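Following this note's numbering, the numbering of the sequence shown begins with 9 at its first residue and continues without gaps.
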Amino acid sequence: MSVEDRQIKKARTDRVKDIGTHNGTFHCDEALACFLLKQTSTYRDANIVRSREPKILDQCDIVVDVGGVYDDSRRRYDHHQREFEGIFGYGFTTKLSSAGLIYKHFGKEIIGSRLLLPSDNPIVELLWLKLYKEFVEAIDGIDNGVSQYPKDTLARYRSRTDLSSRIAWLNPAWNESADSERVDALFSKASKMTGEEFINRLDYYAKAWIPARDIVVSALSARFSADSSGQIVLFKQYAPWKEHLFEIEQEQDIAEAEKPLYIVYPDETASNWRIQAVPVSQDSFESRKALPQTWRGVRDDALSQLTGIPGCIFVHASGFIGGNITEDGVMEMARAALKA
């Protein structure tokens, strides 16, 4: 490469890059897509160029949500073309918007950078999938008109407080001024809003969700030490467990007969212990094995006399949860419930 060629390449590399998207009414997907791009090393200092003019967009280094082309090699990420059927994969089937497209291609880099981890770290992969499921997919679905429910099912109420709706409300009303300078400023506000919520969610999952998962993995692995049946999981420290338990059971392909029936954990706010029946599914109110019928609704000394276990506090009327003053007492309750 000649000196002149190297100088040209360096000039192209050093100049401030442009992220192109459409002007006019904005939506949550391109607002988030632009924010995500500015979290990458390549586009951190880039300008946002809002236009529908092909000549202007052609000069942009990367274009999202406009242009009629999806081609990662050319850095073009539109989803409006008739033939586009892109999905995230990994079991997700919702058609991608520009938010999903940018997240699919750049999400691991963004997460890794935030957590100071390489993008191929397993934790990055886990969070990349989690954030798509819990945050980005809904934005894709709403932008593409994909209903959450079967078409013949009427919603019982309207929800207009989701992120996509709140971003839509930032656009000028039909009878307000919509000059380009004002709308561009509102788009910047929208992009910042989507980004703050994305980063807050990422931080929560990294700092709270992942540590809780680690606790559940450890307790589930040690369940045969807690009780020879393997059907009682003992947490020495409370952590949100329900979602993780079902995911880990599936990942480890735990047989139905070996799945836990009770979770035992300290109630740190009340300085006592809880036993909770595992539901049949994450969102179900039905338990795999509820606490015994005769215990339900009974409290304190009456419950201790009934069970023969000292320190009982209560059992809920539905049998899904109970309490005892001590760890030994609550474990006795769990073992007695297994045999009932």
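For every residue, glycine included, the Cβ atom is placed at its ideal position computed from N, Cα and C. Values in this document were obtained by computation on a predicted structure and should not be read as measured data.
Just measuring C-alpha positions, the residue of Glu61, Asp192, Thr29 sitting nearest isoleucine 70 is Thr29. Using a C-beta cut-off of 8 Å, the segment 235-245 makes contact with the segment 265-272, since at least three inter-stretch Cβ pairs fall below that distance. Non-local beta-carbon contacts of glycine 337 in its own chain, meaning distances under 8 Å to residues more than five positions away in sequence, involve Trp281, Ile317, Pro318, Gly319, Cys320 in chain order.
Rounded to whole angstroms, the separation of the alpha carbons of asparagine 152 and arginine 90 is 12 Å. Non-local beta-carbon contacts of phenylalanine 143 in its own chain, meaning distances under 6 Å to residues more than five positions away in sequence, involve Arg209 in chain order. For alanine 285, the beta-bridge partners assigned by DSSP are Tyr270. The segment 330-346 and the segment 275-290 touch, with no fewer than 3 CB-CB distances between them shorter than 8 Å. The straight-line gap separating the alpha-carbon atoms of isoleucine 175 and glutamate 205 is approximately 12 Å. Counting the other CB atoms within 10 Å of its CB gives asparagine 183 a total below 16, which places it among the exposed residues. Taking a contact to require three or more Cβ pairs closer than 8 Å, the segment 61-79 and the segment 23-40 qualify as touching. Within the segment 212-250, the complete beta strand (DSSP E) segments of 3 residues or longer fall at 240-242, listed in chain order. The segment 131-151 and the segment 102-117 touch, with three or more beta-carbon pairs separated by less than 8 Å.
In chain order, Tyr213, Trp217 place their CB closer than 8 Å to the CB of lysine 138, counting only its own chain and leaving out the 5 sequence neighbours on each side. Within the model, the alpha-carbon separation for alanine 310 versus glutamine 245 is close to 28 Å. When C-beta atoms of the segment 52-61 are compared with those of the segment 221-232, fewer than three pairs fall below 8 Å, so the two segments do not count as touching.
A straight-line Cα-Cα distance of about 32 Å links phenylalanine 328 and aspartate 170.
Minimum Cα-Cα distance from lysine 347 among the listed residues Val306, Gly331, Gln301 corresponds to Gln301. For phenylalanine 34, no beta strand (DSSP E) encloses it, and the DSSP letter there is neither H nor E. Rounded to the nearest whole angstrom, the CA to CA distance from glutamate 93 to tyrosine 157 is 20 Å.
Taking a 10 Å sphere around the C-beta of phenylalanine 293, we find fewer than 16 other C-beta atoms and assign the residue as exposed.
For the pair of segments examined, the segment 35-50 was found to touch the segment 99-110: the number of CB pairs separated by less than 8 Å reaches three. The beta-carbon separation of aspartate 86 and valine 77, rounded to 6 Å, stays under the 8 Å limit for a contact. Put simply, the backbone Cα of leucine 228 is about 17 Å away from that of glutamate 335. Secondary structure of cysteine 320 (DSSP, three-state): strand. The alpha-carbon separation between phenylalanine 322 and phenylalanine 243 amounts to approximately 20 Å. The DSSP-derived three-state label of serine 295 is strand.
Classified as buried, phenylalanine 34 has 16 or more neighbouring CB atoms from the shown chains inside 10 Å of its CB. A direct Cα-to-Cα measurement between aspartate 261 and glutamate 255 gives close to 10 Å.
Straight-line measurement puts the Cα of alanine 234 at about 17 Å from the Cα of asparagine 332. Taking 9 Å as the cut-off, the Cβ atoms of threonine 202 and aspartate 148 do not count as close. Taking C-alpha positions only, arginine 166 is separated from serine 173 by approximately 11 Å. Aspartate 291 and valine 272 have their alpha carbons spaced roughly 19 Å apart.
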